[in-house]
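Numbering (the working numbering), first residue to last: 1 to 307. For glycine and all other residues, C-beta sits at the position ideal for the given N, C-alpha and C. Below is one structure, written out as structure tokens; the observations come after it.
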Ligand SMILES: [Zn+2]
């Protein structure tokens, strides 16, 4: 291993374009001095010794860091529109997946030889968007007394206890924060999966990329095609992994249910206490009254004919 320096960065969005990155003065000076010290150390104590020193030296990280990962929230009109066009309360989705490659120059063993260039992954960035809403015709439940009356309290309790209604029984009341906290469970999955897959991603992104003897050949030939394919593959692997986790988060009693209960359960307790104090009874509610009238009417008409 010879003297190393970061030559340039390639983005997956524009793999063919080479834009030399000018490091800041401070970063450049730091990298040079660390790399210089490493090279000297290596000559005197060999690779094994350098690895041991690296493991101890806190400030050695910038010179030989492995790839970094970052998940960033972005605003997305598409995500918002897709949510609004759906029957869902919230939507969290990956908007972009970018991987950056850098070429490391290895100095030749003999002064007359050419240097060789080795690809390394410098970082992966995931952009995600998350949006939440109350479904049309659903009203936010404020703390009682708020909108809690003899007519509304039973439906409020039903809708909160069922976490926003059930198929065939649409909710009239809910809390936006329960939806937001549900979506945050998916955001957490996006972030944690990125960390969990970091090493596997790095290895898969580098698959098929070999050190070559010429910087331009490396950039134009090896990288352009293979790198773009690798990024597409890893993007798909990551997307599948987060999709699987999202599915399991939705299991009854799972992470999203737990997140919503943490918001609605205290409100349920407040409404129950208020209803008890006000001596509301289910029979007081308009819906309960109508149900009673319907039942009496049905009984008077006799059993329904079989169909
Ligand atoms: Zn969900």
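Below 8 Å on the Cβ atoms is my guess for residue i versus residue j; work out the distance and round it to an integer in Å.
i           : j           : result
residue 67  : residue 122 : 6 Å
residue 271 : residue 153 : 6 Å
residue 148 : residue 274 : 6 Å
residue 124 : residue 193 : With 8 Å as the limit, residue 124 and residue 193 do not qualify as a contact, their Cβ atoms being about 11 Å apart.
residue 89  : residue 208 : That pair is no contact at about 43 Å.
residue 126 : residue 173 : With a Cβ gap of about 35 Å, residue 126 and residue 173 do not count as contacting.
residue 255 : residue 185 : 5 Å
Buried or exposed for residue i, please, with buried defined as at least 16 other CB atoms from any protein chain shown within 10 angstroms of its CB.
i           : result
residue 244 : exposed
residue 216 : exposed
residue 49  : Because the pLDDT of residue 49 is 43, which lies under 50, any placement of that residue in the model is unreliable, and the number read from its coordinates should be weighed accordingly. Per the 10 Å Cβ criterion, exposed.
residue 300 : exposed
residue 260 : buried
residue 36  : With a pLDDT of only 48 at residue 36, under 50, the local geometry of the prediction cannot be trusted, and the value read off the model is given with reservation. Exposed is the call here.
residue 46  : At residue 46, the pLDDT of 43 sits below 50, so the modelled position is not reliable; the number obtained from the coordinates is stated separately. Exposed is the call here.
residue 235 : buried
residue 225 : exposed
residue 195 : exposed
residue 73  : exposed
residue 199 : exposed
residue 296 : exposed
residue 214 : exposed
residue 167 : exposed
residue 119 : buried
residue 230 : buried
residue 99  : buried
residue 116 : buried
By how many angstroms is the C-alpha of residue j removed from the C-alpha of residue i?
i           : j           : result
residue 85  : residue 93  : 15 Å
residue 298 : residue 238 : 56 Å
residue 190 : residue 248 : 13 Å
residue 294 : residue 162 : 24 Å
residue 227 : residue 128 : 23 Å
residue 264 : residue 252 : 16 Å
residue 9   : residue 203 : Caution is warranted here: a pLDDT of 40 is assigned to residue 9, below 50, making its placement in the model unreliable, and the coordinate value is therefore given only provisionally. Approximately 18 Å between the Cα atoms of the pair.
residue 143 : residue 169 : 23 Å
residue 210 : residue 108 : 16 Å
residue 130 : residue 82  : 11 Å
residue 146 : residue 242 : 39 Å
residue 97  : residue 159 : 38 Å
residue 232 : residue 201 : 11 Å
residue 80  : residue 171 : 21 Å
residue 75  : residue 104 : 35 Å
residue 24  : residue 175 : Per-residue confidence for residue 24 stands at a pLDDT of 31, beneath the threshold of 50, marking its modelled position as unreliable; the derived number appears in the next sentence. Spanning the two alpha carbons is a distance of roughly 48 Å.
residue 332 : residue 205 : Past the edges of the chain, shown from 1 to 307, lies residue 332, and the structure says nothing about it.
residue 181 : residue 188 : 10 Å
residue 266 : residue 156 : 13 Å
residue 262 : residue 197 : 29 Å
residue 339 : residue 113 : The structure shown does not extend to residue 339, since the chain is modelled only from 1 through 307, so no value can be given for it.
residue 246 : residue 111 : 55 Å
residue 87  : residue 135 : 8 Å
residue 151 : residue 258 : 29 Å
residue 240 : residue 102 : 27 Å
* **Around ligand 1, Cβ to any heavy atom closer than 6 Å, ordered along the chain** => 182, 186, 250 and 256
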